[in-house]
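In the numbering used here, the protein residues as written are 1 to 197. The C-beta atom is built at its ideal place from N, Cα and C for all residues, glycine as well. Computed from a predicted structure; not experimentally measured.
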């Protein structure tokens, strides 16, 4: 029976995504990834290289998936708010990206910023945001996009702060809806202000 390389890679990427999301880069174990994938760990090194290269592949794959799942559409402040709301929904439903991004920031810091593929991904995102909000220069678009990413990534990772700060005791679905509405409104107001500047 022929070895299905693509299936093996998918199994390894799925197991690595779960492992890095749960344990971060430092806490993730190659042996555990291989065992959970049901694949010899040597295949990880063969297909992805070292652990940091596997982490980079996992993160890039998840970012591309998010970009495909949550496209930027429309134009103007309401479109920016809509994008933030849909991105929030996506991250609440699938908390892998927020967790990976927080782990990356905690464990790899600024060293992650030298990745050329990631830089290209973010360049495309900023250009997309400039099309969403015509008239914004690159820096304005990047600042607003960073604000959106920070707001929507925080909820799945820092939910305990919501209870400490807001402390409504509301049911989670109602509270999520209120948080989403707050993010959308904030982004719309910031987008309007940026376009006026």
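Using C-beta distances below 8 Å, list every residue in its chain close to residue i, excluding the 5 sequence neighbours before and after it, in chain order.
i: residue 58; result: 13, 16, 17, 20, 100
i: residue 38; result: 11
Classify residue i as buried or exposed, calling it buried when 16 or more other Cβ atoms lie within 10 Å of its own Cβ.
i: residue 160; result: exposed
i: residue 40; result: exposed
i: residue 98; result: buried
i: residue 120; result: exposed
i: residue 158; result: exposed
i: residue 194; result: buried
i: residue 139; result: exposed
i: residue 34; result: buried
So which of the options has the shortest CA-CA distance to residue i?
i: residue 186; options: 166, 167, 174, 150; result: 150
i: residue 5; options: 46, 122, 79; result: 46
i: residue 155; options: 173, 60, 128, 139; result: 173
i: residue 79; options: 188, 110, 27, 30; result: 188
i: residue 196; options: 135, 10, 30; result: 135
i: residue 104; options: 28, 152, 66; result: 28
i: residue 182; options: 69, 81, 124, 167; result: 81
Who are the Cβ neighbours of residue i in its own chain at under 7 Å, not counting the five residues just before and after it?
i: residue 108; result: 25
i: residue 190; result: 144, 147
By how many angstroms is the C-alpha of residue j removed from the C-alpha of residue i?
i: residue 94; j: residue 180; result: 15 Å
i: residue 84; j: residue 184; result: 6 Å
i: residue 87; j: residue 73; result: 12 Å
i: residue 177; j: residue 42; result: 45 Å
i: residue 152; j: residue 116; result: 24 Å
i: residue 3; j: residue 31; result: 21 Å
i: residue 128; j: residue 64; result: 14 Å
i: residue 52; j: residue 164; result: 35 Å
i: residue 124; j: residue 68; result: 13 Å
i: residue 110; j: residue 44; result: 25 Å
Taking 6 Å as the limit between beta carbons, can you name the residues of its chain near residue i, skipping five residues before and five after?
i: residue 48; result: 54, 57
i: residue 142; result: 126
i: residue 9; result: 47
If the criterion is Cβ atoms closer than 8 Å, does the pair residue i and residue j meet it?
i: residue 132; j: residue 192; result: no
i: residue 90; j: residue 66; result: yes
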